[in-house]
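Going letter by letter, the sequence shown gives residues 918 to 1632 in this note's numbering. Glycine included, each C-beta is placed from N, C-alpha and C at the ideal position. These numbers come from a predicted model, not from an experiment. What follows is one structure encoded as structure tokens, with my remarks underneath.
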Amino acid sequence: MKRILGAIALLVATALAVPAWAVEEDGYQLWMRYRPLDRAAQARLDASAIIYQGAASPTVNAAIGELQRATKGWAGHAAPLRSGLQDGAIVLATPANAPQLAAQIDGLKTLGAEGYALKRLKLQGRRITLIAANTDIGLLYGSFAWLRAAGSGAALDKLDERSAPKLQLRVLNHWDNLDRTVERGYAGESIWDWWALPEVRDRRYIDYARANASLGINGAVLNNVNSKAEILTAPWIAKAAAVADVLRPYGIRVYLSARFSTPLELKETATADPLAPEVAAWWRRKADEIYRAIPDFGGFLVKANSEGQPGPQDYHRSHADGANMLAQALAPHKGIVMWRAFVYAAEKPVDRARQAYDEFKPLDGSFAPNVMVQVKNGAIDFQPREPFHPLFGAMKHTPLMMEFQITKEYLGFATHLAYLGPLFQETLRSDTRQREGGWTVAQVLEEGAGPAGLTGMAGVANIGSSRTWSGSHFDQANWYAFGRLAWNPQASARHIAQEWAAQTFPPAAAKDITDMMMMSREAVVNYMTPLGLHHLMGTGHHHGPAPWVDDLGRPDWNPVYYHKADRKGVGFDRTAGGSGALAQYAPELARRWSDPRSTPPELLLWFHHLPWTYAMPSGRDLWTELVAHYDLGVSQADELRKRWAKLRPMIDAERFEDVSTLLDKQYKEALWWRDASVAYFQSVSGLPLPAGVRAPERSLEEYKRQRFPFAPGRG
Ligand code: BDP
């Protein structure tokens, strides 16, 4: 008996001694971990019960379920569901289910269909936390907002917050193929188990929906923009409908990428010409069929006449002709078309950066009200740094949707730590100067344009079947940051990082982790493409350096096209003397950036071809400055792993090891980028290495010889 008691005492002591965060975690819970809190923190939660009066909808049940899951995790027992007020209750109220409670919030109506208010108050002598909204989905968003506040250490006893999304459509674009591979996916295979659908609805879809709803993401395009005709056939519509059923309670609508030539490829029409009546009629029937299966279907995303995809130009019709024909089919059902502006054609010998603007600007004002033009953040292609796309602010009569890439195709896949909050923020805060007094990209998006005033933001998802969802722990933060910025494009990347870190890792480590995150993207820019260089990545897979490549089928696939380095200098001249792309920006910006001395150094070689001897603001010449940036990138990657190592006592072993291993790999690859790039640029410039600079480890030939035929994520 004594021995048994002793053993029990030891067990209890050990259990008490092991802090909750030390328990192994594999990242599956994302930022919704709800790990046990100490007593003081439990008391601060003050969540004795959940009050909801009336019959709960599936959406309200999702809110209650989440609050219970969290309180169970944090305090050991789930807050019970009650109907009468009590001290410490979390009260969910809409004007429909509890008008008197909802009336506690002045001007609730102004928060619209998705907004919410959180407020601590005393009611009938009871201390409560009121979560009020106009609709059930607002209650779900409000519940997640309370959980976020609780999870990131906000003062819950002083809560008084109201929030409504600034953009209507907050959509993930999955580049997921029907065979479950994911184009530019580095997190395993697609989460959509198409083969098993529609009968088998993986439970993971619910967790996916919870995570998105926690951020306010309200749409998901299920399949790749490089789409297949089959996705619009009856069996696949049934599969998409099953996914839509699971996502619906969480406020998420399903969209599909449509291949423009679908009716022709399915041999149901003789052409795909958008102006042929049989084609328009086919799409109308198809839309009707889809809406019978998915009554709240969101609409189509279309990549047309881009990188070999079919489109209206195959029939000498314009992008507007194509988009409007589809829009007409969807309009009776209130669906929309998201028509991508990512176009460039090999046949045209003009600067690739110009082409989207050249094609779309003349079409401004000619799109149907339910068409949005989806524009990538920059004019080339999701590079570590690009100036904002000149279409923002220039299309005054067309609603534009931002397209960010959350998956890190060009920023080291899921193996490098690169927090994208600062990249997204940099674009959103860029001032287009298309209006007197300033007009940032975020403001352009928020204002919308066109008769229906549609607004939205899309993010190419980084989600897959990996246990971490995103391929690494830190890549979850990019999903998180996208969602938060889609809700509020003017939010701060640092604040978002802090919020994420506090919920995802032990709060004591949150500040240091935030600092690491905030430096990570610039580190990547420095060791890959400093000073405005771009598109220097390996052919096809886009991992690793290949600035020397000059032999691909079309000029604008070759890195040499983008850096134009030779004996004399480096950089792409986009001024009036060069490609003229600068003229696509507002006159004030075009003027400022046409002079290298008033161009921000980080965009210098994007807009200018300069001699290696060009004097930089730092006093160094361009060549020395370039090498210094590569060295800085390497030391920043080194700094990241050193900072992480110091956090060991605070982080659970499994996640600590996972991150350490990746940071070591990132450092090694930063060195590789630096060495290969310096070796190459030295070979073309013919200049000696600046004094005190380390020579590349291997010869240029060795870097050139490396091949990666099995790199992940290729289409
Ligand atoms: C490029 C990707 C390619 C995509 C394309 C797109 O390399 O896989 O299909 O963008 O956005 O960045 O359509």
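Under three-state DSSP, which class holds Ser1437? For the purposes of this step, residue 1437 is taken as residue 520 along the sequence shown, with counting starting at 1. Helix.
Once the 5 residues before and after Pro1528 are set aside, which same chain residues still bring their CB inside 8 Å of it? Your numbering for residue 1528 matches position 611 in the sequence shown. Here Pro1528 has Lys1485, Gly1486 and Leu1539 as same chain residues with Cβ atoms under 8 Å from its own Cβ, once five neighbours each way along the sequence are excluded.
Bridge partner(s) assigned by DSSP for Thr1046: Counted from its first residue, the sequence shown places residue 1046 at position 129. Beta bridge pairing from DSSP links Thr1046 with Ile1007 and Arg1037.
State the start and end residues of the unbroken beta strand (DSSP E) segment that holds Trp1256. Along the sequence shown, one-based indexing puts residue 1256 at 339. Ile1253 to Arg1257 is the extent of the beta strand (DSSP E) around Trp1256.
For Asp1581, report the span of its beta strand (DSSP E) as first-last. By one-based count along the sequence shown, residue 1581 stands at place 664. Element bounds for Asp1581: not the beta strand (DSSP E) but the alpha helix (DSSP H), Ala1570 to Ser1602.
Using DSSP with H/G/I as helix, E/B as strand and the rest coil, what is Ala930? Along the sequence shown, one-based indexing puts residue 930 at 13. Because the pLDDT of Ala930 is 45, which lies under 50, any placement of that residue in the model is unreliable, and the number read from its coordinates should be weighed accordingly. Ala930: helix per DSSP, three-state reduction.
For Phe1627, which of Gly1055, Leu1035 and Tyr1103 has the nearest alpha-carbon? What you label residue 1627 is simply residue 710 of the sequence shown in a count that begins at 1. From the listed residues Gly1055, Leu1035 and Tyr1103, the smallest Cα separation to Phe1627 is found for Tyr1103.
Start-end ranges of the alpha helix (DSSP H) lying completely within the stretch 1213 to 1268, minimum 4 residues: Segments of the alpha helix (DSSP H) lying fully in the stretch 1213 to 1268: 1236 to 1247.
One question on the structure: do Ser1223 and Val1267 come within less than 9 Å of each other, judged by their Cβ atoms? Within the sequence shown, numbered from 1, the residue matching residue 1223 stands at position 306. Within the sequence shown, numbered from 1, the residue matching residue 1267 stands at position 350. In this structure, Ser1223 lies away from Val1267, with their beta-carbon atoms at least 9 Å apart.
Assuming Ser1235 and Leu1280 form a contact by the criterion Cβ under 8 Å, report the distance between their Cβ atoms to the nearest whole angstrom. As a first step, residue 1235 must be located in the sequence shown, where it is residue number 318. As a first step, residue 1280 must be located in the sequence shown, where it is residue number 363. Rounded to the nearest angstrom, the Cβ distance from Ser1235 to Leu1280 is 6 Å, consistent with a contact under 8 Å.
Considering only residues of the same chain and omitting the five flanking positions on each side of Thr931, which have a CB-CB separation below 8 Å? Translated into the one-based positions of the sequence shown, residue 931 becomes position 14. Because the pLDDT of Thr931 is 46, which lies under 50, any placement of that residue in the model is unreliable, and the question is left without a value.
In whole angstroms, give me the CA-to-CA distance for Lys1220 and Ile967. Residue mapping note: residue 1220 aligns to position 303 of the sequence shown, counting from 1. Residue mapping note: residue 967 aligns to position 50 of the sequence shown, counting from 1. Rounded to the nearest angstrom, the two C-alpha atoms are 46 Å apart.
Unbroken stretches of the alpha helix (DSSP H), 4 residues or longer, contained in the stretch 1506 to 1580: The alpha helix (DSSP H) runs lying completely inside the stretch 1506 to 1580 and spanning 4 residues or more are 1521 to 1524 and 1539 to 1563, given in chain order.
Where Trp938 and Ser965 are concerned, what is the direct C-alpha to C-alpha distance, given to the nearest angstrom? Locating residue 938 in the sequence shown gives position 21, where the first residue counts as 1. Locating residue 965 in the sequence shown gives position 48, where the first residue counts as 1. For Trp938, the predicted model reports a pLDDT of 49, less than 50, meaning its position is unreliable and no value from the coordinates is stated.
Give the straight-line distance between the Cα atoms of Ser1080 and Leu1089, rounded to the nearest whole angstrom. Locating residue 1080 in the sequence shown gives position 163, counting from the first residue. Locating residue 1089 in the sequence shown gives position 172, counting from the first residue. Taking the straight line joining both Cα atoms gives about 21 Å.
Apart from the five residues on each side of it in sequence, which residues of its chain come closer than 6 Å, Cβ to Cβ, to Glu1614? What you label residue 1614 is simply residue 697 of the sequence shown in a count that begins at 1. Setting aside the 5 residues that flank it on each side, Glu1614 is surrounded in the same chain by Asp1592, each with a C-beta closer than 6 Å to its C-beta; the list follows chain order.
Neighbour-count burial assignment, Tyr945, 16 or more Cβ in a 10 Å radius: In the sequence shown, counting from the first residue as 1, residue 945 sits at position 28. That one is exposed.
What's the gap between the Cα of Arg1123 and the Cα of Leu1164? By 1-based counting over the sequence shown, the position of residue 1123 is 206. By 1-based counting over the sequence shown, the position of residue 1164 is 247. A quick correction: the sequence has Ile, not Arg, at residue 1123. Looking at the two C-alpha atoms, the distance is approximately 7 Å.
Using a Cβ-based criterion (distance less than 8 Å to any ligand heavy atom), does Ser1223 qualify as near the ligand NAP? The model depicted lacks the ligand NAP and carries the ligand BDP instead.
Under the DSSP definition of a beta bridge, which residues are partnered with Arg1170? As a position in the sequence shown, residue 1170 is number 253, starting the count at 1. When beta bridges are read from the DSSP output, Arg1170 appears opposite Gly1136.
Rounded to the nearest angstrom, how far is the Cβ of Pro1286 from that of Pro1368, given a contact under 8 Å? Within the sequence shown, the letter at position 369 stands for residue 1286. Within the sequence shown, the letter at position 451 stands for residue 1368. Distance from Pro1286 to Pro1368 at the Cβ level is roughly 4 Å; contact confirmed, criterion being Cβ atoms closer than 8 Å.
Is the separation between the beta-carbon of Thr1357 and that of Ser1347 shorter than 9 Å? Walking along the sequence shown from the start, residue 1357 turns up at place 440. Walking along the sequence shown from the start, residue 1347 turns up at place 430. Closer than 9 Å, so yes.
Beta-carbon proximity list for Ala1612, same chain, < 7 Å, skipping 5 on both sides: Counting from 1 along the sequence shown, the entry for residue 1612 is found at position 695. Closer than 7 Å at Cβ, skipping near neighbours: Leu1606.
In terms of residue numbering, what span does the alpha helix (DSSP H) encompassing Ala966 cover? Reading the sequence shown from its first residue, position 49 is the one you call residue 966. Counting along the chain, Ala966 falls outside any alpha helix (DSSP H), though it belongs to the beta strand (DSSP E) covering Ala966 to Ile968.
In its own chain, which residues sit with a C-beta less than 6 Å from the C-beta of Leu1520, not counting the 5 before and 5 after it? Position 603 of the sequence shown holds residue 1520. Listed in chain order, the non-local C-beta contacts of Leu1520 below 6 Å within the same chain comprise Pro1304 and Gly1449, local neighbours out to five positions each way being set aside.
In angstroms, rounded to a whole number, what distance separates the CA positions of Gly990 and Met949? Reading the sequence shown from its first residue, position 73 is the one you call residue 990. Reading the sequence shown from its first residue, position 32 is the one you call residue 949. Separation of Gly990 and Met949 (C-alpha to C-alpha, rounded to the nearest whole angstrom) is 10 Å.
Which ranges does the alpha helix (DSSP H) cover as unbroken runs of at least 4 residues, wholly within the stretch 1378 to 1451, from first to last along the chain? Listed in chain order, the complete alpha helix (DSSP H) runs (minimum 4 residues) inside the stretch 1378 to 1451 are 1393 to 1404, 1410 to 1421 and 1427 to 1445.
Residue span of the beta strand (DSSP E) that contains Phe1321, given as start and end: Along the sequence shown, one-based indexing puts residue 1321 at 404. Run containing Phe1321: Leu1317 to Gln1322, per the beta strand (DSSP E) assignment.
CB-CB length for Ile1054 against Thr1179, believed under 8 Å: Position 137 of the sequence shown, counted from the start, is the residue given in the question as residue 1054. Position 262 of the sequence shown, counted from the start, is the residue given in the question as residue 1179. The pair is not a contact, with the Cβ atoms about 32 Å apart (cut-off 8 Å).
Any contact of the stretch 1385 to 1392 with the stretch 1029 to 1047, i.e. 3+ C-beta pairs under 8 Å? Between the stretch 1385 to 1392 and the stretch 1029 to 1047 there are fewer than three C-beta pairs closer than 8 Å, too few to call the two in contact.
Could you tell me which whole alpha helix (DSSP H) segments of length 4 or greater appear in the stretch 1100 to 1133? Qualifying alpha helix (DSSP H) stretches, in chain order: 1121 to 1132.
Is any heavy atom in the ligand BDP found nearer than 8 Å to the beta carbon of Arg1471? On the sequence shown, position 554 is the one that residue 1471 refers to. Closer than 8 Å to some heavy atom of the ligand BDP: that does not describe the Cβ of Arg1471.
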